[in-house]
Every structure is written in C-alpha cells, then in structure tokens.
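First residue of the sequence shown: 4, per the numbering used here; consecutive thereafter.
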Amino acid sequence: YENLSRDGCGAAAHLSEWKRQMRKDWPAVKISDVQIGNKDRQTILVGESLQITARVHLGGVDPQHVRVEAYHGEVDDGDVRNPSATLLNQVDHADGDGNYVYQGAVPATESGTYGFSVRVVPTHPYLMQMHELRLITWS
C-alpha cells in the first residue's frame with residue numbers, strides 16, 4: 004500500500020497502465036522452440052542437470068517484464084507431482100523481431116520419471132502475486 008500510494012498514487016497509476024499494456028501485448032508472446040542440451044541421453048543421473056534452452060517471441064513485451072521458467076516435477080500416471088519452477092536466464096538479445104533465447108539447468112535431485120514444460124509469466128515488483136494478471140504462455 005505504501006509503495007502504491009506514494010507520490011499521489013503515481014506508482015498505482017503506473018502499475019495500472021502497465022497491466023493494461025501487458026494485456027494488450029500478451030497475445031504475441033510465444034515459445035517457438037525448446038531444446039534439451041543433453042538430449043542424446045534419456046537418463047539423467049542424480050546430481051546431474053537437465054540443460055534447457057528456449058526461444059521466446061515477446062513481441063512488444065519488454066524482457067524485463069517477464070519470467071521464463073522450466074516448470075518440472077515427477078510424473079506419476081500422467082500427472083506432475085510436487086511441481087516446481089526453475090528460472091531460465093536470458094542469454095541472447097532480440098534479433099530485431101522480438102525473439103530472445105533463455106537457458107537454465109534443472110538439477111536431478113532424486114531418481115524417478117520427470118517431465119517439464121517451459122512457461123512465460125509477466126512480472127512487476129508491485130504485483131501482489133505472480134498470477135494476478137492470469138496471463139501465462141506454455142510451450
């Protein structure tokens with residue numbers, strides 16, 4: 004409340020405009036390619052990591068306003084159990100068409116069958132929670 008009401012509610016007005024712009028620009032956000040760095044092996048040993056690279060089209064969305072994550076967990080009867088998210092870091096700047104490359108590593112901490120997907124969600128320091136805008140793009 005203090006952050007948003009400071010300076011005549013300037014931060015609140017900024018956040019409101021940011022939300023409007025994100026809702027307008029979000030339909031252009033697409034994950035065009037996901038690669039696994041160690042794809043030659045179907046088995047990842049405990050203590051190793053799954054290397055993930057994702058190519059993301061952000062269009063007019065500023066890359067500072069998104070989180071790109073590998074969403075992963077143990078797969079049991081087609082359901083993902085105890086999922087968690089690992090942040091993928093931007094490693095390549097836009098190519099002029101709003102495309103960016105993100106990379107990260109998901110550690111194998113326990114044995115079992117695991118699955119993952121890549122997702123993009125908006126982020127802003129004044130959002131109350133990550134899914135406030137209900138905007139998410141999945142690979």
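Note that beta-carbon positions come from the ideal geometry of N, C-alpha and C, so glycine has one too. These numbers come from a predicted model, not from an experiment.
In the DSSP assignment, the residues bridged to R70 are V124. Spatial neighbours of S35 in its own chain (CB-CB distance under 6 Å, excluding positions within 5 residues in sequence) are listed in chain order as R58, H60.
Straight-line measurement puts the Cα of V123 at about 19 Å from the Cα of L53.
G50 is classed as exposed because its beta carbon has fewer than 16 other beta carbons within 10 Å across all chains shown. Rounded to the nearest whole angstrom, the CA to CA distance from T56 to N41 is 11 Å. Annotation: V69 to T46 spans about 31 Å, alpha carbon to alpha carbon.
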